[in-house]
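Quick note: the sequence shown uses my numbering, first residue 180, plus one each step. A virtual CB, placed ideally from N, CA and C, is assigned to each residue, including glycine.
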Amino acid sequence: MNLQGTIGYKDLREYLTAADKLGELRRVDGADWDLEIGAITEVAARAARPKVLLFDNIKGYSKGFRVVTNAVCSAATTGLAFGLDPNSSGMDMIKSWKKRLGSYKPLKPIDVASGPITENVDTGNMVDMLKFPTPRWHEEDGGRYIGTGCLVILQDPDEKWTNFGTYRVCVYDRDTLGIWISPGKHGRLIREKYWSQGEPCPVAITFGQDPVLGKVGSWYEPWGVSEIEIAGWLRNEPVQVVRGQETGLPIPATSELAIEGYIMPPEGESRSEGPFGEWTGYYASGARNEPVVKVKNVMYRNDPIIFGMPPGISGKSVPLSAANVWLTLEKAGVTDVHGVWEYTIRYLTVISIKQKYGGHAKRAAMALLGSTYGYHRRFVIIVDDDIDPSNIDDVLWALSTRCDPATAINVITEAWSTPLDPRITPDARAQRNFTNSVAVINACKPYHWKDQYAKTCYFTDEVRKKTYEKWKEVLRLER
Ligand SMILES: Cc1cc2nc3c(=O)[nH]c(=O)nc-3n(C[C@H](O)[C@H](O)[C@H](O)COP(=O)(O)O)c2cc1C
């Protein structure tokens with residue numbers, strides 16, 4: 180089946196079946212929820228070709244109550260999940276993805292009376308979040324996190340648009356969950372609107388959904404953009420939703436496991452949340468009191484699958500969010516961008532441009548940092564168009580041979596960041612100052628004398644490609 184350009188599965192189960200057919204899935208039986216699932220996930224993600232892992236018969240839980248991890252952790256599964264050619268280079272995948280995103284038109288969800296998610300509905304005394312196999316992912320986690328790759332669904336009380344966000348969720352007891360949302364995130368702004376009106380904030384959360392829905396939940400789209408409409412458009416058909424009985428919020432009908440309830444105002448109740456091993460690779464934000472979610476209804480499919488995505492474990496997947504950054508630059512009027520790549524999730528971002536005027540490079544960096552995608556960057560490196568930003572050797576070469584540290588590095592202080600940053604000083608943390616500095620590094624040839632710059636002695640990309648094609652049988656090089 181040629182999936183290129185189309186998303187060829189309807190839900191998480193079909194996705195896993197397709198991954199299995201491609202030889203990309205491994206079944207793990209009998210693992211312990213306590214650290215073992217987390218450790219296996221990390222070991223598998225570090226392999227040269229990471230596989231999708233489907234855990235069943237989890238210690239102490241009913242057979243069929245499963246957890247999937249590393250769902251999109253390689254070029255093969257990035258291609259399968261998003262309808263991209265897995266044999267193309269990472270940069271070409273980003274280009275195709277960007278082209279697709281560039282034609283975005285919102286596609287509203289449609290309501291259905293029931294769906295797979297309504298196969299089981301527990302309400303009142305029947306609510307029991309403890310019956311699902313929630314991993315303790317890392318050794319020093321302060322709890323068991325059922326929501327790692329989850330979707331938190333909220334509606335703005337005034338403007339009525341629906342926001343999707345991926346925010347971590349832990350289980351305290353049968354009907355109480357914890358949630359952590361970083362300052363400035365839409366979910367946080369929305370819940371504060373309810374609280375300022377003296378109301379609890381209605382919420383629905385899915386803990387298992389297909390990779391497209393999961394993906395859009397973590398996009399940094401501007402205020403007012405409904406990510407569920409992006410998911411519908413990406414699939415070329417509206418997302419089917421059932422309305423939560425308690426909140427009326429739209430819950431994707433093919434979800435595996437979902438709850439609805441309320442995020443309570445912190446004056447009423449708050450509980451210790453964290454620490455949690457985050458995408459930075461650290462437990463930086465410790466434990467503190469956070470608001471709780473009171474669960475009113477739990478919905479789940481027969482034999483539900485929890486979507487486990489401990490942050491920071493992305494294996495060898497292609498950083499498709501680089502395409503969102505690229506589009507953001509274009510929308511801000513920055514032309515002649517040749518590529519964007521993100522390393523260590525987003526800490527180090529590389530933008531390649533064909534310089535057309537003095538200040539072009541700096542403008543690209545500032546356009547990124549001023550956008551919603553500017554959130555918590557550390558180094559933004561701008562390189563010329565002969566540098567492939569996805570090739571770290573190329574990037575380091577440009578940095579070493581074209582950047583004059585005394586004049587080509589600017590440091591921006593007090594940029595939008597997060598308490599998760601391990602580099603925030605203890606004093607700043609005590610003052611709740613969660614900003615960070617960002618280095619904008621111009622590693623392009625200096626624009627005003629670029630034509631006098633020493634010529635490179637390396638062959639052009641075109642010559643290298645032709646040489647490879649002609650001699651590949653003899654050289655037998657892996658690319
Ligand atoms: C696996 C994963 C886990 C995440 N966990 C959190 C989290 O716990 N809290 C948070 O604020 N953002 C988290 N994020 C980032 C947000 O999902 C992202 O910032 C998103 O844009 C939030 O939506 P919003 O812009 O509508 O607020 C996570 C992202 C991913 C991919």
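Exercise. Examine ligand 1 and report whether any of its heavy atoms sits within less than 7 Å of the Cβ of Asn468.
Key: Working through the sequence shown from its first residue, we reach residue 468 at position 289. False, no ligand heavy atom lies under 7 Å from that Cβ.
Quiz item: Thinking just about the alpha-carbon of each residue, which of Glu641, Pro229 and Glu338 is nearest to the one in Ala255?
Solution: Numbered from 1 along the sequence shown, position 76 holds the residue referred to as residue 255. Nearest of Glu641, Pro229 and Glu338 to Ala255, Cα basis: Pro229.
Exercise. For Ile659, verify whether its CB is less than 7 Å away from any heavy atom of ligand 1.
Key: An answer regarding residue 659 cannot be provided, because it is not within the stretch 180 to 658 covered by the chain.
Self-check item: Cβ-based neighbour list, Asn181, same chain, cut-off 6 Å, excluding 5 preceding and 5 following
Solution: The residue you call residue 181 lines up with position 2 of the sequence shown. For Asn181, the predicted structure reports a pLDDT of 35, less than 50, and the residue's modelled location is therefore unreliable. The matter cannot be settled from this model.
Practice problem: Assign Thr257 to one of two classes, buried (16 or more other C-beta atoms within 10 Å of its C-beta) or exposed (fewer than that). | Solution: Position 78 of the sequence shown holds residue 257. With 16 or more Cβ atoms within 10 Å of its Cβ, Thr257 is classed as buried.
Exercise. May I ask you to report which of helix, strand or coil DSSP gives Val653?
Key: Here residue 653 corresponds to residue number 474 of the sequence shown, with the count starting at 1. Val653 falls in the helix class under three-state DSSP.
Quiz item: Any heavy atom of ligand 1 closer than 7 Å to the Cβ of Met488?
Solution: As a first step, residue 488 is located in the sequence shown; it is residue number 309 there, counting from the start. Result yes, Cβ under 7 Å from ligand 1.
Practice problem: Could you tell me if Lys274 is buried or exposed, where buried requires 16 or more neighbouring beta carbons within 10 angstroms of its beta carbon? | Solution: Counted from its first residue, the sequence shown places residue 274 at position 95. It counts as buried.
Self-check item: Distance cut-off 7 Å: Asn342 Cβ against heavy atoms of ligand 1
Solution: Numbered from 1 along the sequence shown, position 163 holds the residue referred to as residue 342. Yes, Cβ of Asn342 sits closer than 7 Å to a heavy atom of ligand 1.
Quiz item: Roughly how many angstroms separate the alpha carbons of Arg655 and Lys644, rounded to a whole number?
Solution: Translated into the one-based positions of the sequence shown, residue 655 becomes position 476. Translated into the one-based positions of the sequence shown, residue 644 becomes position 465. Whole-angstrom Cα-Cα distance: 14 Å.
Quiz item: For His627, which of helix, strand or coil comes out of DSSP?
Solution: Residue 627 sits at position 448 when you count from the first residue of the sequence shown. Three-state result, His627: helix.
Quiz prompt | Phe638 classed as buried or exposed, judged by whether at least 16 other C-beta atoms fall within 10 angstroms | solution = Sequence index remark: in the sequence shown, residue 638 carries index 459 (1-based). Phe638 is exposed by the Cβ-count criterion.
Quiz prompt | Among Pro445, Cys582 and Ile289, the one whose alpha carbon lies nearest that of Val619 | solution = Taking the first residue of the sequence shown as 1, we reach residue 619 at position 440. When each option's Cα is compared against that of Val619, the closest is Cys582.
Self-check item: Any non-hydrogen atom of ligand 1 within 7 Å of Gly480 CB
Solution: Against the sequence shown, residue 480 aligns to sequence position 301. According to the sequence provided, residue 480 is Arg. The question's Gly does not apply to it. No; taking the cut-off as 7 Å, the Cβ of Arg480 has no heavy atom of ligand 1 nearer than that.
Quiz item: Just how far apart, CA to CA, sit Gly209 and Leu259?
Solution: The residue labelled residue 209 in the question sits at position 30 within the sequence shown. The residue labelled residue 259 in the question sits at position 80 within the sequence shown. Near 28 Å, if we compare the C-alpha coordinates of Leu259 and Gly209.
Quiz prompt | Straight-line Cα distance separating Met308 from Gly393 | solution = The residue labelled residue 393 in the question sits at position 214 within the sequence shown. The residue labelled residue 308 in the question sits at position 129 within the sequence shown. When rounded, the distance between both Cα atoms is 21 Å.
Quiz item: Going by alpha carbons, who is nearest to Thr507 out of Thr220, Phe244 and Lys278?
Solution: Counting from 1 along the sequence shown, the entry for residue 507 is found at position 328. Ranking Thr220, Phe244 and Lys278 by Cα distance to Thr507 puts Lys278 first.
Quiz item: Ser451 lies in the alpha helix (DSSP H); which residues open and close that run?
Solution: As a first step, residue 451 is located in the sequence shown; it is residue number 272 there, counting from the start. Element bounds for Ser451: not the alpha helix (DSSP H) but the beta strand (DSSP E), Ser449 to Glu452.
Exercise. Would you list the one or two residues that DSSP bridges to Asn468?
Key: For the purposes of this step, residue 468 is taken as the residue at position 289 of the sequence shown. BP columns for Asn468 point to Ser451.
Quiz prompt | Extent of the continuous alpha helix (DSSP H) run through Tyr194 | solution = Here residue 194 corresponds to residue number 15 of the sequence shown, with the count starting at 1. Segment Leu191 to Lys200, the alpha helix (DSSP H) holding Tyr194.
Exercise. Assuming Gln534 and Tyr632 form a contact by the criterion Cβ under 8 Å, report the distance between their Cβ atoms to the nearest whole angstrom.
Key: For the purposes of this step, residue 534 is identified with residue 355 of the sequence shown, where counting begins at 1. For the purposes of this step, residue 632 is identified with residue 453 of the sequence shown, where counting begins at 1. Between Tyr632 and Gln534 the Cβ distance is about 11 Å, and since that is not below 8 Å, they are no contact.
Quiz item: What are the boundary residues of the beta strand (DSSP E) that includes His317?
Solution: Against the sequence shown, residue 317 aligns to sequence position 138. Per DSSP, His317 belongs to no beta strand (DSSP E) and is neither H nor E.
Quiz prompt | Reduced DSSP category for Tyr158 - H, G, I as helix; E, B as strand; rest coil | solution = Outside the displayed range of the chain (180 to 658) lies residue 158, so it cannot be described from this structure.
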